[in-house]
Amino acid sequence: MCQQQTPADIQEACYVTMEPQGCLGLRTEFPVQATQIIGRLCQLILFVFLLLSPVASAPAQSAADGYDYIVIGSGPGGGLIAVNLAKAGYSVLILEAGDSSVASGGGQYPPSITWDFFVKHYEEDERNKKNNFVTWRARDGSYWVGNKNVPSDAKLLGIYHPRGATVGGSSMINAMATLLPTDSD
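In the working numbering, the protein residues as written are 600 to 784.
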């Protein structure tokens, strides 16, 4: 867990990384083929829901007419809110920062559909360093995940939280995975 990995190491092990442009040393439980299938299945499900939605068959409204609601983001939150408002008869405009690109699967996502965030939960770095999933960037540009045996030249980034920047939001990059809190939470 706390060893530096390269993209080649991950590919040889037939596992995917959670980082869009390289390797953070994190592995999932799913082999590459399974993540590709899950990603395509999620895309198909979202497409079918869109086709069956009354919103898809509603006439387009010009911006000059105005809207009852403006929803920011088309992910699991924004998309659902927009559909429910439209079903209730309201006019809705959805604003999405990303485009309609889709991931190719395999755990590697083009930079155009992701935003990489590193979160520090505390102001004091010493408290942040206690987290097992803290991410560091070494001077050579490689990443290190964990709080053990950290390279001496590494800079603390925080906890890695990739976000989706495309139609469908973060559901397009996380295969609808759920992260459960620790027992202490």
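Don't be surprised by glycine CBs; every beta carbon is placed ideally from N, CA and C.
Where residue 752 sits in the DSSP three-state scheme: Along the sequence shown, read from residue 1 onward, the residue named residue 752 stands at position 153. In this structure, residue 752 counts as coil in the three-state DSSP scheme.
Please determine if the segment 710-726 and the segment 755-768 are in contact, where contact requires at least 3 C-beta pairs separated by less than 8 Å. yes
Nearest-angstrom Cα distance between residue 738 and residue 755? By 1-based counting over the sequence shown, the position of residue 738 is 139. By 1-based counting over the sequence shown, the position of residue 755 is 156. Taking the straight line joining both Cα atoms gives about 11 Å.
Run the CB neighbour count on residue 708, radius 10 Å, all protein chains shown included, and call it buried at 16 or more, exposed below. What you label residue 708 is simply residue 109 of the sequence shown in a count that begins at 1. Classification of residue 708: buried, given that the 10 Å Cβ count is 16 or more.
Spatial neighbours of residue 732 in its chain, beta-carbon cut-off 6 Å, leaving aside the 5 residues before and after: On the sequence shown, position 133 is the one that residue 732 refers to. Excluding sequence neighbours, residue 732 sits near 758.
Inspect the beta-carbon positions of residue 730 and residue 748 and report whether they are closer than 8 Å. On the sequence shown, residue 730 is found 131 positions in, with the first residue counted as 1. On the sequence shown, residue 748 is found 149 positions in, with the first residue counted as 1. For residue 730 and residue 748, no; Cβs fall outside 8 Å.
Start-to-end residues for the alpha helix (DSSP H) that takes in residue 679: Sequence index remark: in the sequence shown, residue 679 carries index 80 (1-based). 675-686 is the span of the alpha helix (DSSP H), which, as asked, contains residue 679.
Assuming residue 766 and residue 699 are in contact, meaning their beta carbons sit under 8 Å apart, how far apart are those beta carbons, in whole angstroms? By one-based count along the sequence shown, residue 766 stands at place 167. By one-based count along the sequence shown, residue 699 stands at place 100. Right, their Cβ atoms sit about 5 Å apart.
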